[in-house]
Amino acid sequence: MPTRAAASAFPPPAGKPLSKLAIIAGGGALPGIVVQACREAGRPFFVLAIEGQADPAALAGVPHAWCRMGAAAKGEKILREFDPQEVVFVGKVRRPSLKELRPDWRALKVIVKATVRALGDDGLLRAIVREFEAEGVRVVGPHELVKDLLAVEGVYGRIKPDRQARIDIARGMDAAKAIGALDIGQAAVVQQGVVLGLEAIEGTDALVARAGALQRKGPGGVLVKAPKPGQERRIDLPGVGVETVEAVAKAGLRGIAVEAGGALIIDRAKVAARADALGVFVVGLAPRGAAPAGKTS
10 MPTRAAASAF
20 PPPAGKPLSK
30 LAIIAGGGAL
40 PGIVVQACRE
50 AGRPFFVLAI
60 EGQADPAALA
70 GVPHAWCRMG
80 AAAKGEKILR
90 EFDPQEVVFV
100 GKVRRPSLKE
110 LRPDWRALKV
120 IVKATVRALG
130 DDGLLRAIVR
140 EFEAEGVRVV
150 GPHELVKDLL
160 AVEGVYGRIK
170 PDRQARIDIA
180 RGMDAAKAIG
190 ALDIGQAAVV
200 QQGVVLGLEA
210 IEGTDALVAR
220 AGALQRKGPG
230 GVLVKAPKPG
240 QERRIDLPGV
250 GVETVEAVAK
260 AGLRGIAVEA
270 GGALIIDRAK
280 VAARADALGV
290 FVVGLAPRGA
300 APAGKTS
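So in our numbering, the last one in the sequence shown is 306, and the numbering has no gaps at all.
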């Protein structure tokens, strides 16, 4: 296992000033990790925190403003004042209903553009990317800012999946890719060859809890997370953090598998340590048909 801090930032090219970065922040630990990376690199940044999603405590001492998810015009005004060259979207976001979203005219414009092409999350996210790029703002992925964030092939920690777990992982990967192709979700839970649940609007934590309650006797199930085929990879790659590990253990599942290069491991050292402590495995697998690129050890 690598021991360097997960928030170590990529160094800029010699003599090239770092661009101003806007951080659109949801919940979880990742926004704070990206903020730390910016500080270590000396990159100017500003956080636009999503109301009801981002953690107020994580923003103490951080330049930021709050914005309701559907208030796109307000968010655009705030970001124009900061005038970023790049923007990154980080953190977990609970998907609201249209009634909860209460989109303003600017948000409605993006939604309409997205639904002309597709109705799923990836279609909407691609529309958001196009809006920023039309304004000359480059959208970057969090893995472009933080070292060791993108999952690589190998086991995180000491616990390895056994034969039955590997069979379940293969089936789970097929299931996750199938719903991903329909732009529905990015995760599946499989136990002893039986698909217990597929991720939809409820999100991973609710999927894990629901699937855990459906388990039968014998070896527990596994959570498999993978990107949607052809998805926009700068936004909304599936992620695994300490909270994911804890949710899996609480539900009685045996482990987590992700596609190497197609998922984020949020603080490798903490994830591995927590997985070992709770007796679950976390493993990154090379995409089918791809040569292994990197390993955790």
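We treat Cβ as the ideally placed atom computed from N, Cα and C, and that holds for glycine. Nothing here was measured: the structure is a model prediction, and the numbers come from that model.
Whole angstroms is fine: what's the gap from Gly288's alpha carbon to Ala278's? So the two alpha carbons sit approximately 15 Å from each other.
Tell me whether Lys86 is buried or exposed, calling it buried when 16 or more other Cβ atoms sit within 10 Å of its Cβ. Around the Cβ of Lys86, a 10 Å sphere holds fewer than 16 other Cβ atoms; the residue is exposed.
Where Gly270 and Lys169 are concerned, what is the direct C-alpha to C-alpha distance, given to the nearest angstrom? One C-alpha to the other measures close to 19 Å.
Suppose only complete runs of 4+ residues qualify. What are the alpha helix (DSSP H) ranges in the segment 62 to 116, listed by chain order? Restricted to the segment 62 to 116, the alpha helix (DSSP H) segments that are unbroken, complete and at least 4 residues in length are 81 to 91 and 107 to 110, listed in chain order.
Run through the DSSP bridge pairs and tell me what Gln200 is partnered with. Gln200 pairs with Val203.
Spatial neighbours of Leu110 in its chain, beta-carbon cut-off 7 Å, leaving aside the 5 residues before and after: Spatial neighbours of Leu110 in its own chain (CB-CB distance under 7 Å, excluding positions within 5 residues in sequence) are listed in chain order as Met78 and Gly79.
When Val249, Leu232, Gly36 and Ile193 are compared against Arg175, the one with the closest alpha-carbon: Per the Cα distances, Leu232.
What does a CB cutoff of less than 8 Å around Asp113 pick up in its chain, not counting 5 residues either side in sequence? Gly79, Ala80, Ala81, Ala82 and Lys83, listed in sequence order.
Could you give the residue range of the alpha helix (DSSP H) that holds Gly41? Looking at the DSSP string, the run of the alpha helix (DSSP H) that includes Gly41 is Leu39 to Ala50.
For Gly36, which three-state DSSP category applies? Annotated three-state conformation of Gly36 is strand, per DSSP.
Could you give the first and the last residue of the continuous beta strand (DSSP E) run that contains Ala58? From DSSP, the beta strand (DSSP E) with Ala58 extends over Phe54 to Ile59.
Local Cβ density within 10 Å of Glu60, reported as buried at 16 or more and exposed below that: Exposed, because fewer than 16 other Cβ atoms sit within 10 Å of the Cβ of Glu60.
Would you kindly work out how many angstroms separate the C-alpha atoms of Cys47 and Leu158, rounded to a whole number? Each residue's Cα considered, the two are about 14 Å apart.
Let's see if you can read the secondary structure: which residues bound the beta strand (DSSP E) around Ile265? Start and end: Gly264 to Glu268.
With respect to the alpha helix (DSSP H) encompassing Arg219, which residues constitute its N-terminal and C-terminal limits? Looking at the DSSP string, the run of the alpha helix (DSSP H) that includes Arg219 is Thr213 to Ala222.
Which of the three DSSP states is assigned to Ala295 in this structure? Reduced to three states, the DSSP call for Ala295 is coil.
Please check the pair Phe54 and Val44, which I expect to be a contact at CB under 8 Å, by giving their CB distance rounded to whole angstroms. Going by Cβ atoms, the distance from Phe54 to Val44 rounds to 7 Å, so yes, they are a contact pair.
Report the CB separation of Ala235 from Met182 in whole angstroms; it is logged as a contact under 8 Å. That pair is a contact at about 6 Å.
According to DSSP, simplified to helix, strand and coil, what is Ala160? Correct three-state label for Ala160: coil.
State the DSSP-derived secondary structure class of Leu30, mapped to helix, strand or coil. Leu30: strand per DSSP, three-state reduction.
On the DSSP letters alone, give me the boundaries of the beta strand (DSSP E) that Val148 sits inside. Where Val148 is concerned, the enclosing beta strand (DSSP E) stretches over Arg147 to Val149.
Same chain, Cβ closer than 6 Å to Val125, neighbours up to 5 away in sequence not counted: Bear in mind that the predicted position of Val125 carries a pLDDT of just 47, short of 50, making it unreliable; the figure below should be weighed with that in mind. The answer is none, since no qualifying residue turns up.
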